[in-house]
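Numbering (my numbering), first residue to last: 1 to 126.
This is how it looks when you write it as structure tokens:
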């Protein structure tokens, strides 16, 4: 996978994870909520939402409310699971929470499913 393609995958996962988390905090998620949460400009979010919609990861209602499709939800949950596991594991290992969160954000995108499952199994045995 090339660098640009990797960054694109990472970006998609970050947007979907953010929508997933906002859905748990807000009654309806709008582009402005995503922009605020991610500290991105509204035009950048607009372009990203069009991209996610074209890939069938989200639906946007007439009112502008954004929801995850089943495929988008699967990706978002997987990304969030990896992030949470890595963040908590790093904190348990003595890494300060801020650094653990930042590192987990990097690790969640780069690990293979096989390696993640092996780490998850190992951690659960500790």
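Beta carbons: idealized from backbone N, C-alpha and C, even for Gly.
According to the neighbour-count rule (16 or more other Cβ atoms, all chains shown, within 10 Å of its Cβ), is residue i buried or exposed?
| i | result |
| --- | --- |
| residue 134 | Missing from the structure shown is residue 134; the chain here goes from 1 to 126 and no further. |
| residue 12 | buried |
| residue 24 | exposed |
| residue 92 | exposed |
| residue 41 | exposed |
| residue 76 | buried |
| residue 79 | buried |
| residue 108 | buried |
| residue 124 | exposed |
From the DSSP output, in three-state form, read off residue i for me.
| i | result |
| --- | --- |
| residue 66 | strand |
| residue 117 | helix |
| residue 123 | helix |
| residue 11 | helix |
Rounded to the nearest angstrom, what separates residue i and residue j at their Cα positions?
| i | j | result |
| --- | --- | --- |
| residue 34 | residue 64 | 12 Å |
| residue 85 | residue 43 | 32 Å |
| residue 48 | residue 54 | 10 Å |
| residue 27 | residue 66 | 11 Å |
| residue 113 | residue 100 | 21 Å |
| residue 36 | residue 45 | 10 Å |
| residue 72 | residue 57 | 4 Å |
| residue 102 | residue 83 | 10 Å |
| residue 88 | residue 115 | 17 Å |
| residue 32 | residue 61 | 14 Å |
| residue 15 | residue 118 | 26 Å |
Using a threshold of 7 Å, is the CB atom of residue i nearer than that to any non-hydrogen atom of the ligand FMN?
| i | result |
| --- | --- |
| residue 86 | Judged by which ligands are present, the structure shown has none, so any question about the ligand FMN falls away. |
Secondary structure, beta strand (DSSP E): runs of 3+ residues fully inside the segment 13-98 = Whole beta strand (DSSP E) segments, 3+ residues: 58-60 and 66-68.
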